[in-house]
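Each residue of the sequence shown is one higher than the one before, starting from 771 at the first, in this note's numbering. These notes are about the structure you will find just below.
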Amino acid sequence: MEFLVDYSFDFNRLFKDGIRYERAPGQEGCRLRKLIREILISPSTLCFHNGFIDLAFIYHHFYLPLPEDFVTYCNNVAELFPADFLPVCDSKFLAVNQTVSAKNVIERRNARFYIDIDFGNNLKPAVQAAIDLVDCSLPVDFSSA
Numbered sequence: 771m772e773f774l775v776d777y778s779f780d781f782n783r784l785f786k787d788g789i790r791y792e793r794a795p796g797q798e799g800c801r802l803r804k805l806i807r808e809i810l811i812s813p814s815t816l817c818f819h820n821g822f823i824d825l826a827f828i829y830h831h832f833y834l835p836l837p838e839d840f841v842t843y844c845n846n847v848a849e850l851f852p853a854d855f856l857p858v859c860d861s862k863f864l865a866v867n868q869t870v871s872a873k874n875v876i877e878r879r880n881a882r883f884y885i886d887i888d889f890g891n892n893l894k895p896a897v898q899a900a901i902d903l904v905d906c907s908l909p910v911d912f913s914s915a
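Put into structure tokens, the structure is as follows:
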């Protein structure tokens, strides 16, 4: 929201002229719900920016009301996006992760506090299949200036 306010987003215009929607009582009642379903079953990569918010919106308006607890939400989202689902990409996560990873490597090289994540080999096969291990470390000759 701060981003929208900082860039003078006109919330009055959104409420006055924005696209209105109604939650369909059943699975077939809403054309927008059909569109979302078609997107979800297409073979294309699904890209988000700040995907958590986008997924919560899609979940709440086209699937079920948001549950009271995060674990139930995660399990239900996993049901929406099974292990063999098309690739999902979050551009904000990638951008932030790239920046944080670079800073983390610099901290490690300077013998300061850093984060080291290790995915063990005892994960369930479905989880192992969903994880791509990527070496995000910076080159040895990377300047720490």
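For each residue, glycine too, the CB sits at the ideal point set by N, CA and C. This structure is a prediction, so every number in the text was calculated from the model and none was measured.
For residue i, count the other beta carbons within 10 Å of its own beta carbon; 16 or more makes it buried, fewer makes it exposed. Which is it?
| i | result |
| --- | --- |
| N874 | buried |
| L834 | exposed |
| L825 | buried |
Would you mind stating whether residue i and residue j have Cβ atoms separated by less than 8 Å?
| i | j | result |
| --- | --- | --- |
| K786 | N820 | no |
| I828 | I806 | yes |
Whole angstroms is fine: what's the gap from residue i's alpha carbon to residue j's?
| i | j | result |
| --- | --- | --- |
| L802 | P813 | 19 Å |
| H831 | E772 | 23 Å |
Return the Cβ separation of residue i and residue j in integer angstroms, given the expectation that the two are a contact with Cβ distance under 8 Å.
| i | j | result |
| --- | --- | --- |
| P837 | N846 | 7 Å |
| T815 | C844 | Their Cβ separation, rounded to whole angstroms, is 21 Å, which puts T815 and C844 out of contact at 8 Å. |
Who pairs with residue i in a beta bridge, going by DSSP?
| i | result |
| --- | --- |
| F818 | D860 |
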